[in-house]
Each structure stands twice: as C-alpha cells, then as structure tokens.
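In our numbering, the protein residues as written are 5 to 107. Beta carbons: idealized from backbone N, C-alpha and C, even for Gly. This report refers to the structure that appears directly beneath it.
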Amino acid sequence: MAKGYWIASVDVSDAEAYAAYVRENAVAFAKYGARFLVRGGAAEAVEGGMRSRIVVLEFPDHAAALACYHSPEYARAKALREGASVADVVVVEGYDGAQPGAA
C-alpha cells in the first residue's frame, strides 16, 4: 500500500505563534503515524517559486494523511498557525510502481 504525504510550503510571519502550532501539531502527527522527511532545511528553488519553509511529512497511507488533516486534533493546531503564517499544503498518495531503470 502506498504511503501518504503532506507537502507544505510555508512563510512564517510570527515565529512565537508558529512555535505554539509546532508544539500542538505533534498531537495529531503522533496519532496518525506521521514522520518528518523534510522540516524546513536548506532549500533552493531551481524552477518556479517557493515559500521560505518546506515541510514533507510521511504517513502510513493516503487515508491516514487525509484523516490527520481533517482531524479535530489538527484543527486545534491549525488554528494556532492561522495568522502566524501563510501555507500551501498538499496531501498526496505515494507511488509504489516501477522505477526508472528497473528491469
């Protein structure tokens, strides 16, 4: 079964309020089995534009990724993020098919 992912591109305008969001989102992320793959490290837009912070979360499957986003636990966290940042968030299903060069 393919994993699920959140891909978020974020500009933070209030670091203190955003830190409260980060503390609170841990509740939902733990409940739904999320694991950070990317969490705001060095990034360079090599094509197109981007926000200042990129985050990629991996979930056990696409259904868990969607359930987490729509959960009451994440709603509480998201309320803390609103006004402290602007974000684009995409929930996407992973790919388990053939890879380039695979026989």
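Cβ distance (whole Å) where residue i is taken to contact residue j below 8 Å
| i | j | result |
| --- | --- | --- |
| W10 | A69 | 6 Å |
| S56 | D15 | 5 Å |
| G98 | A6 | 4 Å |
| A91 | S13 | 7 Å |
| G8 | V93 | Going by Cβ atoms, the distance from G8 to V93 rounds to 13 Å, so no, they are not a contact pair. |
| M54 | A47 | 7 Å |
Where residue i falls: helix, strand or coil (DSSP)
| i | result |
| --- | --- |
| A91 | strand |
| A12 | strand |
Residue from the options with nearest C-alpha to residue i
| i | options | result |
| --- | --- | --- |
| A34 | Y73, V94 and R55 | Y73 |
| Y22 | A6, G44 and G37 | G44 |
| A3 | A32, G105, A46 and V90 | This structure does not reach residue 3, given that the chain is present from 5 up to 107, and the question cannot be answered. |
| V59 | D100, E51, L41 and E48 | L41 |
| A38 | P104, D100, A88 and H66 | H66 |
| P127 | G52, Y36 and A102 | No answer is possible for residue 127: the residues shown for the chain start at 5 and end at 107. |
Between the segment 72-86 and the segment 28-36, do three or more beta carbon pairs fall short of 8 Å?
-> yes
For the segment 19-72, which segments carrying the alpha helix (DSSP H) assignment without a break, of at least 4 residues, lie completely within its bounds, in sequence order?
-> 19-35
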